[in-house]
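J.: The following block contains the structure, expressed as structure tokens.
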Amino acid sequence: MAGTLLLPAVGLAREPDGWRVASGALALAAFALVLAAALYAVVTPDEAGIRRRWLRLGYGTVAVLSVPLVGPVGGTAWPTWAWFGAALVGGVPLLAPFRLVLPATLAAVVVSGAVGWFIGPAVGRSVLITGSVGLGIALVNGFQVWFWRLLVQAEQGRAAQARLVAAQERLRFAGDVHDLLGHHLTVIALKAELAARLAADDPARAGREASEAQRLAATALTELRRTVHGYRRVDLAEQLTAVGEVLRSSGVRCTVVPPVGELPAEAATQLAAVLREAGTNVLRHSRAGWCRIEIVQEEGVARMTVTNDGVADSAAPDRHSHGLRGLADRLATTGGQLRTRRADGVFAVEATVPTAA
0 MAGTLLLPAV GLAREPDGWR VASGALALAA FALVLAAALY AVVTPDEAGI RRRWLRLGYG
60 TVAVLSVPLV GPVGGTAWPT WAWFGAALVG GVPLLAPFRL VLPATLAAVV VSGAVGWFIG
120 PAVGRSVLIT GSVGLGIALV NGFQVWFWRL LVQAEQGRAA QARLVAAQER LRFAGDVHDL
180 LGHHLTVIAL KAELAARLAA DDPARAGREA SEAQRLAATA LTELRRTVHG YRRVDLAEQL
240 TAVGEVLRSS GVRCTVVPPV GELPAEAATQ LAAVLREAGT NVLRHSRAGW CRIEIVQEEG
300 VARMTVTNDG VADSAAPDRH SHGLRGLADR LATTGGQLRT RRADGVFAVE ATVPTAA
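Under numbering that gives the first Met the number 0, the letters of the sequence shown match residues 0 to 356, in that order.
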């Protein structure tokens, strides 16, 4: 879009009148400012649309004022407003629906023809420049805006997918806890109520019912601890399958190479935690087209490598490492290690954990 302002600026160089040069330069500067704000608005969220409405007002004001300010610039030597009108039409997709491009083009063509008729015999050339060049720029900008919004929606979809997976896991855990404790707590409540009723008439039986309620409470607590322990010591093979399916459903080509043989429970738990964090990073912090997850057993250690593309080399060094730093500290306490590397748009997480007793 900045290039579209160069051709109107040529008219300033060909205009001998200093006041016209100043007025034309003012209009071009105002248009450049509004255009820069429009480009910023395209790439930043504006849920209420207030900023976009103000920008539309400013864009329309600049378009109207440009006729007296830019129209006379260049005279018959250069159709300055014709090029300026093309730039105006080209910027419409940044602030308005694409269906308004054609009406805006027709309006700009009419104004361009009128300005051309007023300053000299340049009506045909002015109309042709404004109509053809303006429509071409609008088509290019419209495609770029559409493609950008498509990328934003894809990124939002990935983030939503990650949140959905986490929510489903929380619901599954809540359901298991409910199923586990629901029966026990119901029976405990009934036993406690019965013991309270029998306390005065049959103290011995009330004591037995209270002891039974205590036993049930201890059993429920033991089973709850086993359930939580089971969630902490996850099935690594199940985690590999789940992460691979989530990535594939998000459009990432995912290759999973599981370990040969079964890993010790502690090593599998540590690697599963790194796997979940690495999979979340692929979904949230990259535009990955492929991902490879590989786990190998070596002498006394298990090594997992998660590699994906779609990472900008210019990104901040800690962009992917916020959650991984905590995992690195956690692995270090058990003799493990976590390393990350980035090169040529490829990001890799490598975790090693001891397998020997």
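A virtual CB, placed ideally from N, CA and C, is assigned to each residue, including glycine. Keep in mind the model is a prediction, meaning the values are calculated, not measured.
Who are the near neighbours of GLY119 in its chain, counting only those whose CB is closer than 6 Å to its CB and skipping five residues on each side?
T.: So the qualifying residues of the chain are THR75.
J.: In this structure, does DSSP put TRP53 in helix, strand or coil?
T.: TRP53: helix per DSSP, three-state reduction.
J.: Buried or exposed: which applies to THR218, given that a residue is buried once 16 or more other Cβ atoms fall within 10 Å of its Cβ?
T.: Under this definition THR218 is an exposed residue.
J.: Spatial neighbours of LEU358 within its chain, please: CB distance less than 8 Å, with the 5 preceding and 5 following residues excluded, ordered by chain position.
T.: Residue 358 is absent from the model: the chain starts at 0 and stops at 356.
J.: Taking only three categories from DSSP, how would you classify TYR58?
T.: Helix at TYR58.
J.: Residue range of the alpha helix (DSSP H) that PHE117 falls in?
T.: Its alpha helix (DSSP H) spans residues 100-118.
J.: Is the beta carbon of VAL256 closer than 8 Å to that of GLU293?
T.: Closer than 8 Å, so yes.
J.: I'd like the list of long-range same chain contacts for ALA209, defined as Cβ closer than 8 Å, with 5 residues on each side in sequence excluded.
T.: Closer than 8 Å at the Cβ level, and outside the excluded window around ALA209, lie LYS190, ALA191 and ALA194.
J.: For ALA355, collect the residues of the same chain with a Cβ closer than 7 Å to its Cβ; drop the 5 residues on either side in sequence, then sort them by chain order.
T.: The residues are GLY299.
J.: If contact is defined by three or more beta carbon pairs under 8 Å, each pair taking one atom from either stretch, is the segment 107-124 in contact with the segment 77-95?
T.: The segment 77-95, when compared against the segment 107-124, does touch it at the 8 Å Cβ threshold.
J.: Alpha carbon to alpha carbon, how far is VAL348 from GLY325? Give it in angstroms, no decimals.
T.: GLY325 and VAL348: Cα-Cα distance of roughly 14 Å.
J.: For ALA194, which of helix, strand or coil comes out of DSSP?
T.: Of the three classes helix, strand and coil, the one that applies to ALA194 here is helix, per DSSP.
J.: Tell me the DSSP bridge mates of GLN336?
T.: Beta-bridge pairing links GLN336 to THR351.
J.: Bridge partners for TRP387 per DSSP, in chain order?
T.: The first residue shown for the chain is 0 and the last is 356, placing residue 387 beyond what the model contains.
J.: What's the call for SER285, buried or exposed, on a 16-neighbour Cβ count within 10 Å?
T.: Classification for SER285: buried.
J.: Can you check which of these residues, LEU270, ARG275, ARG340 and ASP308, is closest to ALA331 by C-alpha distance?
T.: Minimum Cα distance to ALA331 is reached at LEU270.
J.: What's the C-alpha gap between ALA106 and TRP18?
T.: Computed Cα separation, rounded: 27 Å.
J.: Of the residues LEU220, PHE30, GLY89 and TRP53, which one's Cα is nearest the Cα of PHE63?
T.: Sequence inspection shows Val at residue 63; the Phe mentioned does not correspond to that position. Cα-wise, what sits closest to VAL63 is PHE30.
J.: Quick one: measure Cβ to Cβ for LEU27 and LEU56, integer angstroms, because I've assumed they're closer than 8 Å.
T.: Actually they are not in contact, since the Cβ atoms of LEU27 and LEU56 sit about 19 Å apart, beyond 8 Å.
J.: Comparing C-alpha positions only, which one of ALA267, GLU154, GLU14 and GLU297 sits nearest to GLY288?
T.: Residue GLU154 is the option with its Cα nearest to GLY288.
J.: Give every residue of the same chain whose Cβ lies closer than 6 Å to the Cβ of ASP201, excluding the five residues on either side of it in the sequence, and list them in chain order.
T.: So no residue of the chain qualifies.
J.: Under a three-way DSSP split, which group does SER320 fall into?
T.: Low confidence applies here, because SER320 scores a pLDDT of 46, under 50, leaving its location unreliable; read the following figure in that light. Here SER320 sits in coil by DSSP.
J.: Can you tell me which of the three DSSP states THR306 falls into?
T.: In the structure shown, THR306 sits in a strand (DSSP, three-state: E or B).
J.: Quick one: what does DSSP say ARG169 is sitting in, helix, strand or coil?
T.: Reduced to three states, the DSSP call for ARG169 is helix.
J.: List the DSSP bridge partners of GLN269.
T.: Answer by DSSP bridge pairing: none, since GLN269 is not bridged.
J.: Could you pull out every residue in the same chain whose Cβ sits closer than 8 Å to the Cβ of LEU94, ignoring the five residues on either side in sequence?
T.: Cβ neighbours of LEU94 beyond the five flanking positions: ALA37, ALA40, ARG51, LEU54, ARG55 and TYR58.
J.: According to DSSP, is ARG162 part of a helix, a strand, or is it coil?
T.: Here ARG162 sits in helix by DSSP.
J.: So, are the CB atoms of TYR13 and GLY73 less than 8 Å apart?
T.: Rather than Tyr, the amino acid found at residue 13 in this sequence is Arg. Result yes, Cβ atoms of ARG13 and GLY73 sit closer than 8 Å.
J.: Quick check: what's the CA-CA separation for ASN307 versus LEU150?
T.: Approximately 18 Å, taken between the alpha carbons.
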